[in-house]
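In the working numbering, the protein residues as written are 54 to 151. For glycine and all other residues, C-beta sits at the position ideal for the given N, C-alpha and C. Remember, predicted model here, so these are calculated numbers, not experimental data. One structure below.
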């Protein structure tokens with residue numbers, strides 16, 4: 054039997070996919086915010102399924118995006134990941150697997 058957490062839950066909820074969902078949501082918010090900052094626009098105007106180039110990000114800005122994400126996540130995000138996963142949704146799926 055699994056020991057209870059301080060709030061009385063067993064911890065089984067962590068294995069139902071909700072943790073992965075929360076992680077993806079957090080990664081999406083972080084990435085959207087970083088893209089919005091780089092573009093100087095409001096985060097609500099950033100499409101998660103438009104290619105980074107269609108959003109107006111230059112190659113220099115894409116390199117900066119990796120630095121923003123590395124700082125936020127604490128892990129290396131190679132520049133090639135941006136080109137291999139060319140929009141926020143695809144990039145978040147990749148990052149969620151790391």
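Item                                                                                     : Value
Residue 140 (DSSP reduced to helix, strand or coil)                                      : strand
Contact under 8 Å by Cβ, residue 118 with residue 92                                     : no
Residues near residue 96 in its chain [Cβ-Cβ closer than 7 Å; skip 5 each side]          : 85, 86 and 89
Burial state of residue 72, where buried means 16 or more other Cβ atoms lie within 10 Å : exposed
Through-space distance from residue 139 to residue 105, alpha-carbon basis               : 6 Å
Where residue 57 sits in the DSSP three-state scheme                                     : Below a pLDDT of 50, predicted positions are generally treated as unreliable, and residue 57, at 40, falls in that range; the measurement from the model is reported next regardless. Of the three classes helix, strand and coil, the one that applies to residue 57 here is coil, per DSSP.
Beta-carbon spacing of residue 80, residue 132 below 8 Å                                 : no
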